[in-house]
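For reference, the structure is listed below as structure tokens.
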Amino acid sequence: MSKGLPKRSEDYSLWYNELVKKADLAENSAVRGCMVIKPYGYSIWEKMQAQLDKMFKETGHSNAYFPLFIPKSFLSKEASHVEGFAKECAVVTHYRLKNSEDGKSVIVDPDAKLEEELIVRPTSETVIWSTYKNWIQSYRDLPLLVNQWANVVRWEMRTRLFLRTTEFLWQEGHTAHATRQEAIDETVQMLNVYATFAETFMALSVVKGVKSANERFAGAEDTYCIEAMMQDGKALQAGTSHFLGQNFAKAFDVKFATKEGGLEHVWGTSWGVSTRLMGALIMAHSDDNGLVLPPKLAPIQVVIVPIYKTDEEFDKIADKANEITKKLLAKGVSVHFDKRDTHKPGWKFAEYELKGVPLRIAMGPRDLENNTIEVARRDTLSKETVDLAQIQIEDYVTEMLDKIQETIYQKAFDFRKEMTTEVNTWDEFLDKIESKGGFLSAHWDGTSETEEKIKELTKATIRCIPLDQNEEKGNCVLTGNPSNGRVLFARAY
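Each residue of the sequence shown is one higher than the one before, starting from 1 at the first, in the working numbering.
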């Protein structure tokens, strides 16, 4: 099997696009800007979805579903929100088609114009808060902790599979609380849920922080985020959690009767991650041979490839493979025994390497005689011969998968650390953003004007104000004006 992948060092963008297609993750659809997520890619998303859903429910959230269509008037109720999304909205104006006069096509029926246009949801704050008005009357109804798994549409001119498409899949949490502090605590809690998922399951090393006012979600008082570093030195926002204050509650008049008998607006949050995480997973870990998947998210964790010439040899290998498979399945390991006789072992090796299967076991007649197997790791491309008499195969494999998960995370952690540079002058900033990339830790004077100027001059944006940094007085890297602390700049997806 010829992978035919470009090298990352020669054309990172082309490498990414080709890998997504050749590894059977996704492809462009007949609808411009939209993608088809293929079964192998969707199975990875399903594992992400299942784990995140479990974590949401463990923190007290329940799933619901809200309409795809939002009345245009809803978006007018929160000014900054509509301004933030207006240019990305897809609008439904008619509700019916009819045959053309020549009968050869269909046209929009001009008599079927909607009284009020509908927006295909770019995000669901407005339609959900209009619903919450009916659900919330008293402090006894709070907190309201709801999540939705859905698709959204944001009209994109320049698209790239998983990273930026007109339609994409995501989850969006929307919660309502009795006090400001409860809402802030929820916002931070969900940020931490995202960070834990990214690091523990995706093996991504992320920075937790707060967005600047320019980068804040439209309609929020504060946006918290996790930022990851890709192998080409660009940052990728991997999740956001928004403290909405009372903005949407006031826009939709969502009030509750307090314990003391008063009437107050509730406090809100929203938070979400999307199929963009698939792009992060691919770009953070994969190599010139194909995908490198962390075992916790790999659809197939172990593949067994038989090497044989006769049917008799295959039958004996199959018996041993089935024995191993049974033991691994009992340990919760996803394992696939590749019985296909249409492809040679070498072709299969290349296929599973391309698809990022963490562990490959090869077995031939000689292995049966010696009671051994050949084990190949995808992350390091190393191989070893294992004596089955010396190990419990299920324990060996689970320990190896844990090692692979940790090795992939440690590599990402070390890379992010290596690609984070402290700069103190504008010349340093210009040099490092061009020669090295990555995160630049620099002082900023806190003004939108300076932030916009730096973006204009370098295409670098403030990715976040890290939550774990100490306060440090200094001078802005561009203006020289006083600064209360460093922020992380980077070019980003």
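All C-beta atoms, glycine included, are put in the ideal place defined by N, C-alpha and C.
Return the Cβ separation of residue i and residue j in integer angstroms, given the expectation that the two are a contact with Cβ distance under 8 angstroms.
{"i": "glutamate 374", "j": "threonine 385", "result": "6 angstroms"}
{"i": "arginine 486", "j": "alanine 460", "result": "14 angstroms between Cβ atoms; not a contact."}
{"i": "leucine 75", "j": "isoleucine 119", "result": "6 angstroms"}
{"i": "serine 124", "j": "leucine 191", "result": "No, serine 124 and leucine 191 are not in contact; Cβ-Cβ is about 20 angstroms, not under 8 angstroms."}
{"i": "lysine 348", "j": "tyrosine 40", "result": "That pair is no contact at about 15 angstroms."}
{"i": "proline 122", "j": "phenylalanine 85", "result": "5 angstroms"}
{"i": "methionine 35", "j": "glutamate 27", "result": "7 angstroms"}
{"i": "aspartate 379", "j": "valine 292", "result": "6 angstroms"}
{"i": "asparagine 247", "j": "glutamate 78", "result": "6 angstroms"}
{"i": "leucine 19", "j": "glycine 290", "result": "6 angstroms"}
{"i": "aspartate 288", "j": "lysine 38", "result": "With 8 angstroms as the limit, aspartate 288 and lysine 38 do not qualify as a contact, their Cβ atoms being about 22 angstroms apart."}
{"i": "histidine 443", "j": "asparagine 475", "result": "6 angstroms"}
{"i": "glutamine 137", "j": "alanine 249", "result": "That pair is no contact at about 13 angstroms."}
I'd like to know whether the C-beta atoms of residue i and residue j end up nearer to each other than 7 angstroms.
{"i": "aspartate 445", "j": "serine 483", "result": "yes"}
{"i": "serine 334", "j": "glycine 219", "result": "no"}
{"i": "phenylalanine 162", "j": "methionine 278", "result": "yes"}
{"i": "tyrosine 132", "j": "valine 254", "result": "yes"}
{"i": "lysine 505", "j": "alanine 198", "result": "Shown here, the chain extends from 1 to 493; a query on residue 505 therefore has no answer."}
{"i": "asparagine 147", "j": "asparagine 63", "result": "yes"}
{"i": "valine 206", "j": "alanine 228", "result": "yes"}
{"i": "isoleucine 393", "j": "isoleucine 307", "result": "no"}
{"i": "proline 358", "j": "isoleucine 404", "result": "yes"}
{"i": "alanine 389", "j": "asparagine 371", "result": "yes"}
{"i": "leucine 236", "j": "tyrosine 493", "result": "yes"}
{"i": "alanine 178", "j": "leucine 144", "result": "no"}
{"i": "serine 441", "j": "glutamate 422", "result": "yes"}
{"i": "tryptophan 149", "j": "threonine 166", "result": "no"}
{"i": "leucine 281", "j": "alanine 412", "result": "no"}
{"i": "phenylalanine 243", "j": "glutamate 221", "result": "yes"}
{"i": "tryptophan 494", "j": "alanine 183", "result": "With the chain covering 1 to 493 only, the question about residue 494 has no answer from this structure."}
{"i": "threonine 450", "j": "threonine 479", "result": "yes"}
{"i": "proline 295", "j": "leucine 457", "result": "no"}
{"i": "alanine 376", "j": "valine 305", "result": "no"}
{"i": "lysine 72", "j": "glutamate 101", "result": "no"}
{"i": "lysine 211", "j": "threonine 200", "result": "no"}
Restricting to Cα atoms, I'd like to know which of the options is closest to residue i.
{"i": "leucine 494", "options": "Ile307, Leu25, Lys234, Leu142", "result": "This structure leaves residue 494 out entirely; the chain is present only between 1 and 493."}
{"i": "glutamate 112", "options": "Gly33, Ser105, Thr93", "result": "The sequence given here places alanine at residue 112; glutamate does not occur at that position. Ranking the options by Cα distance to alanine 112, first place goes to Thr93."}
{"i": "serine 270", "options": "Ile462, Thr310, Thr175", "result": "Thr175"}
{"i": "alanine 213", "options": "Thr420, Val120, Gly480, Ile465", "result": "Ile465"}
{"i": "tyrosine 65", "options": "Arg463, Gln171, His285", "result": "Gln171"}
{"i": "leucine 114", "options": "Trp129, Val91, Asn99, Ile391", "result": "Val91"}
{"i": "arginine 416", "options": "Phe248, Ile304, Gly438, Val273", "result": "Gly438"}
{"i": "methionine 419", "options": "Met230, Lys344, Leu368, Asp24", "result": "Met230"}
{"i": "glycine 364", "options": "Glu394, Asp319, Gln392", "result": "Asp319"}
{"i": "alanine 298", "options": "Glu264, Thr165, Tyr42", "result": "Tyr42"}
{"i": "valine 31", "options": "Thr159, Ile462, Gly268", "result": "Thr159"}
{"i": "phenylalanine 56", "options": "Gly272, Lys316, Glu353", "result": "Gly272"}
{"i": "lysine 383", "options": "Arg366, Tyr396, Arg360, Asp395", "result": "Arg360"}
{"i": "aspartate 315", "options": "Val106, Gln410, Lys339, Ile300", "result": "Lys339"}
{"i": "histidine 265", "options": "Glu428, Leu368, Ser274, Ala251", "result": "Ala251"}
Just grab the DSSP bridge partners of residue i for me.
{"i": "cysteine 464", "result": "Leu488"}
{"i": "aspartate 383", "result": "Aspartate is not the amino acid found at residue 383; the sequence shown has lysine there. For lysine 383, which the question treats as bridged, DSSP gives the partners Ala376."}
{"i": "arginine 360", "result": "Val303, Ala376"}
{"i": "aspartate 287", "result": "Gly290"}
{"i": "alanine 257", "result": "Ser138, Leu263"}
{"i": "alanine 442", "result": "Val487"}
{"i": "lysine 98", "result": "Ile107"}
{"i": "alanine 26", "result": "Ile37"}
{"i": "tryptophan 155", "result": "Tryptophan 155 is not bridged to any residue."}
{"i": "alanine 150", "result": "Trp170"}
{"i": "glycine 279", "result": "In the DSSP output, where bridge partners are listed per residue, glycine 279 has none listed."}
Return the first residue and the last residue of the beta strand (DSSP E) that residue i is part of.
{"i": "proline 143", "result": "Careful: proline 143 lies outside any beta strand (DSSP E) and carries neither H nor E."}
{"i": "phenylalanine 197", "result": "Element bounds for phenylalanine 197: not the beta strand (DSSP E) but the alpha helix (DSSP H), 180–200."}
{"i": "isoleucine 44", "result": "Run containing isoleucine 44: none in the beta strand (DSSP E); it sits in the alpha helix (DSSP H), 39–58."}
{"i": "valine 108", "result": "106–108"}
{"i": "alanine 238", "result": "235–245"}
{"i": "leucine 114", "result": "113–120"}
{"i": "glutamate 10", "result": "Careful: glutamate 10 lies outside any beta strand (DSSP E) and carries neither H nor E."}
{"i": "valine 71", "result": "According to the sequence shown, residue 71 is proline rather than valine. From DSSP, the beta strand (DSSP E) with proline 71 extends over 69–71."}
{"i": "tyrosine 224", "result": "222–229"}
{"i": "phenylalanine 337", "result": "335–337"}
{"i": "lysine 208", "result": "206–210"}
Since residue i is in the alpha helix (DSSP H), which residue starts that stretch and which ends it?
{"i": "alanine 79", "result": "79–85"}
{"i": "serine 448", "result": "448–458"}
{"i": "lysine 344", "result": "Neither: lysine 344 is in no alpha helix (DSSP H) and is coded neither H nor E."}
{"i": "leucine 163", "result": "That residue, leucine 163, is in no alpha helix (DSSP H); it is neither H nor E in DSSP."}
{"i": "valine 127", "result": "125–135"}
{"i": "serine 435", "result": "426–435"}
{"i": "threonine 398", "result": "393–418"}
Return yes when the C-beta of residue i is under 6 angstroms from any heavy atom of the ligand ATP, and no when it is not.
{"i": "threonine 59", "result": "Because no ligand of any kind appears in the structure shown, any question about the ligand ATP cannot be addressed here."}
Kindly indicate if chain D contains any beta-carbon less than 7 angstroms away from that of residue i.
{"i": "tryptophan 149", "result": "Checking the listed chains, one finds no chain D in this structure; it contains a single protein chain."}
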